[in-house]
Structures are given as C-alpha cells and as structure tokens.
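K.L.:
In the numbering used here, the protein residues as written are 21 to 323.
One structure follows; several queries about it will come next.
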C-alpha cells in the first residue's frame with residue numbers, strides 16, 4: 021500500500037539507482053514518493069507565487085486603493101501564498117500540518133500577549149490604512165505630547181503598520197507609534213476634497229469711529245491684493261468681535277488653498293498691517309502702565 025492508501029507496485033524503485041526504468045508507470049510511481057512530491061511543489065510553487073504577485077500588483081494598479089493599503093494587502097497575500105506552498109510540501113513529507121498550524125496559533129497568541137504594545141500599534145496602523153484619516157504627503161497636527169516639543173504640524177512621509185513617519189515643520193523626522201494617532205481626533209490640513217483653510221488674525225484698535233473704519237479699509241485692501249489669499253469659499257472679511265477693556269477687538273478672516281501658505285500669509289498680513297497702519301495713522305491699542313509722577317508725554321504713546 022502507498023502512503024495515500026492505494027496499492028503501489030514498488031518494482032520500479034527496487035533497483036534504484038542502477039535500474040530505474042524510463043517508463044510512464046515508473047515516473048508516476050516516482051512522483052508519488054513524498055520527497056519528490058514535496059520538491060516538485062516547491063519548485064513549481066515559487067514561480068507561481070511570483071506570477072500571482074505580478075497579477076495582484078497589476079490589479080492594484082488598475083484600482084484606486086490607497087498606496088498604504090495596497091502594500092499591506094500585497095504583503096499579506098505574499099505571506100499566505102508562501103505558507104500554503106510550504107505547508108503543502110510538508111504534508112507530502114508526512115508531517116502533521118494540523119499540529120504545526122495549531123502550534124503556530126498558540127505561539128502567535130503567546131507573542132501577542134508578550135508584545136501587547138506592538139500589537140496595539142499594528143492594529144492602529146491597520147485602522148489608519150483602512151480609514152485613511154490622512155495620507156502620505158499631507159500635513160497633520162502632531163499629538164500634543166510631541167507638538168509642544170517639535171512644532172505643532174508635520175508632513176506625513178510614510179505610513180507603516182507599527183509606526184508613521186512625520187517630518188515636523190521644524191525639520192525633525194518623527195517616528196510616531198500608530199496608537200498615538202488613533203487615540204484622539206486627527207487634524208488634517210491637506211484633505212483632498214476641500215483644500216481651503218481659514219486663517220484668523222485678531223488685533224485691538226483704539227476705539228474711535230475714524231480709527232476703526234480706517235483700519236477696516238486698510239485690512240480689506242491688504243486681503244484683496246495678496247496672491248496666496250483665496251476668494252473662495254468666502255471672500256476675506258473683517259469682523260468687529262467685541263469691545264475689550266481699552267480697545268475694539270477686530271478679527272481678520274481669510275482662506276488659503278494650501279496648508280503651507282497659512283503661516284507665510286499670516287506673517288505677511290501682520291507685517292503689512294503694522295506698515296500700513298503706521299502710514300495711515302491708525303492706532304493699535306497697546307496696554308501701557310504709566311506712573312503719574314513720571315515726566316511722560318502721552319502723545320508719544322499714541323494716547
């Protein structure tokens with residue numbers, strides 16, 4: 021009887037290696053031996069894996085999957101195909117594959133318990149790849165623990181299963197555990213559907229009608245003549261929010277079409293406000309502490 025339970029004539033193999041008969045029956049008998057079958061499975065399986073991975077890559081290229089998700093699925097498919105080939109070859113050698121799978125399962129559970137932190141990051145990485153709260157190349161708000169040290173924003177460079185690489189606006193390359201990016205809300209400044217981002221600048225101006233109206237005119241003119249300031253979804257606006265203790269609180273609101281324009285445009289706006297207000301005689305409200313017995317000319321303080 022053969023190892024598969026079929027009667028098998030062993031005459032062909034009795035005289036190995038000197039009297040092997042080159043017949044179909046002898047070749048079939050040789051193919052049914054465990055070592056040869058296992059070797060053939062591996063020899064045929066390796067090119068088949070390459071071909072299957074090539075077709076899988078072409079399939080991904082035709083679809084609109086996220087690149088990170090594609091790479092993750094590609095790796096999982098590759099591991100699954102290699103496992104299938106190796107376990108099938110092991111079965112041909114008479115190895116108890118069921119026992120191996122069970123042992124691997126127990127080993128996997130032990131590793132998972134021993135590396136809970138790593139597993140949390142891997143699971144978080146899968147959620148990031150599937151949910152896509154951000155993609156590579158987009159600008160996000162850094163977690164609070166990191167943002168206070170390395171700037172508040174960063175550009176995503178690479179999304180991995182365990183960590184995400186982000187280059188902060190200070191130029192520091194950060195390797196962030198994925199679980200830190202899923203425990204709180206993620207602020208994405210480069211979302212694809214609607215790129216316009218609002219910038220707000222608050223300032224206090226001396227509370228006189230002439231001063232406030234002149235300040236509004238200057239600010240509106242600055243906003244209308246800067247190429248980085250977008251006119252959609254809303255045109256720039258100036259809002260008088262409230263009376264302060266010694267001033268009228270003015271807020272400038274405008275939109276830019278790229279997160280990287282937020283800070284430069286704000287810097288330009290502040291510089292132009294200072295220059296144009298000084299030229300136009302508009303007075304900003306500046307808190308001042310004055311000793312009444314000091315020889316101070318109030319006109320020098322703009323009061």
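We treat Cβ as the ideally placed atom computed from N, Cα and C, and that holds for glycine.
Predicted, not measured: the structure shown is a model, and the values here were computed from it.
1) Does the beta-carbon distance from residue 276 to residue 287 come in below 7 angstroms?
2) What does the alpha-carbon distance come out to for the pair residue 272 and residue 253?
3) Please report how far the alpha carbon of residue 107 lies from the alpha carbon of residue 116, in whole angstroms.
4) I need the boundaries of the alpha helix (DSSP H) containing residue 209, first residue and last residue.
5) Taking the alpha helix (DSSP H) that residue 219 belongs to, which residues open and close that run?
6) What did DSSP end up calling residue 256 once you bin it into helix, strand or coil?
7) Sorted by chain position, which residues of the same chain lie with C-beta nearer than 6 angstroms to residue 24's C-beta, five sequence neighbours on each side aside?
8) Using only alpha-carbon positions, find the residue among 147, 237, 248, 228 that is nearest to residue 197.
9) Three-state secondary structure (DSSP) at residue 250?
10) Cβ of residue 152 within 6 angstroms of any heavy atom in the ligand COA?
11) What is the DSSP secondary structure of residue 76, counted as helix, strand or coil?
12) Less than 7 angstroms separating the beta-carbons of residue 231 and residue 302?
13) Along the chain, where does the beta strand (DSSP E) containing residue 236 start, and where does it finish?
14) So the beta strand (DSSP E) residue 276 belongs to, where does it begin and stop?
15) Grouping DSSP H, G and I as helix and E and B as strand, with all else coil, what is residue 197?
16) Closest by CA to residue 293, which one among 157, 171, 222?
17) Below 8 angstroms on the Cβ atoms is my guess for residue 109 versus residue 76; work out the distance and round it to an integer in Å.
18) Do residue 305 and residue 226 have their C-beta atoms within less than 7 angstroms of each other?
19) Which residues in the same chain have their Cβ closer than 8 angstroms to the Cβ of residue 282, if we skip the five residues on either side of it in sequence?
20) Do you know whose CA, among 256, 165, 241, 278, lies nearest residue 300's CA?
21) Pick helix, strand or coil for residue 202, following the three-state DSSP scheme.
22) Determine the extent of the beta strand (DSSP E) in which residue 178 is found, giving its start and end residues.
23) Have a look at the DSSP bridge pairing and note the partners of residue 187.
24) What's the gap between the Cα of residue 114 and the Cα of residue 67?
25) Whole angstroms are fine: how far does the CA of residue 60 sit from the CA of residue 29?
26) Rounded to a whole number of angstroms, what is the C-alpha to C-alpha distance between residue 247 and residue 239?
27) Where does residue 160 sit, in a helix, a strand or coil, going by DSSP?
28) Within 10 angstroms of its Cβ, does residue 118 collect 16 or more other Cβ (buried), or is it exposed?
29) Closer than 7 angstroms by C-beta to residue 101: which residues in its own chain qualify, once you throw out the five before and the five after it? Chain order, please.
30) What does a CB cutoff of less than 8 angstroms around residue 192 pick up in its chain, not counting 5 residues either side in sequence?
31) Excluding sequence positions up to five away, which residues of its chain have a Cβ less than 8 angstroms from the Cβ of residue 194?
32) What span of residues does the alpha helix (DSSP H) with residue 4 cover, start to end?
P.N.:
With the given structure in hand:
1) no
2) 15 angstroms
3) 9 angstroms
4) No alpha helix (DSSP H) holds residue 209; DSSP gives it neither H nor E.
5) Looking at the DSSP string, residue 219 is not in any alpha helix (DSSP H); the run it does join, the beta strand (DSSP E), is 217-225.
6) coil
7) Any reading at residue 24 must be qualified, since the residue scores a pLDDT of 45, below 50, and its modelled position is unreliable; no value is offered.
8) 147
9) strand
10) The ligand COA is not part of the structure shown, which contains no ligands of any sort.
11) helix
12) yes
13) First-last for residue 236: 229-244, but that is the alpha helix (DSSP H), not the beta strand (DSSP E).
14) 268-276
15) strand
16) 222
17) Actually they are not in contact, since the Cβ atoms of residue 109 and residue 76 sit about 22 angstroms apart, beyond 8 angstroms.
18) yes
19) 209, 217, 219, 276
20) 241
21) coil
22) 173-179
23) 175, 193
24) 24 angstroms
25) Note that residue 29 scores 43 on pLDDT, short of 50, meaning its location in the model is unreliable; the coordinates nonetheless yield the value given after this. Near 21 angstroms, if we compare the C-alpha coordinates of residue 60 and residue 29.
26) 15 angstroms
27) strand
28) exposed
29) 69, 72
30) 170, 171
31) 162, 166, 170, 174, 185, 186, 187, 188
32) Residue 4 falls outside the range modelled here, since the chain spans only 21 to 323, and no answer is possible.
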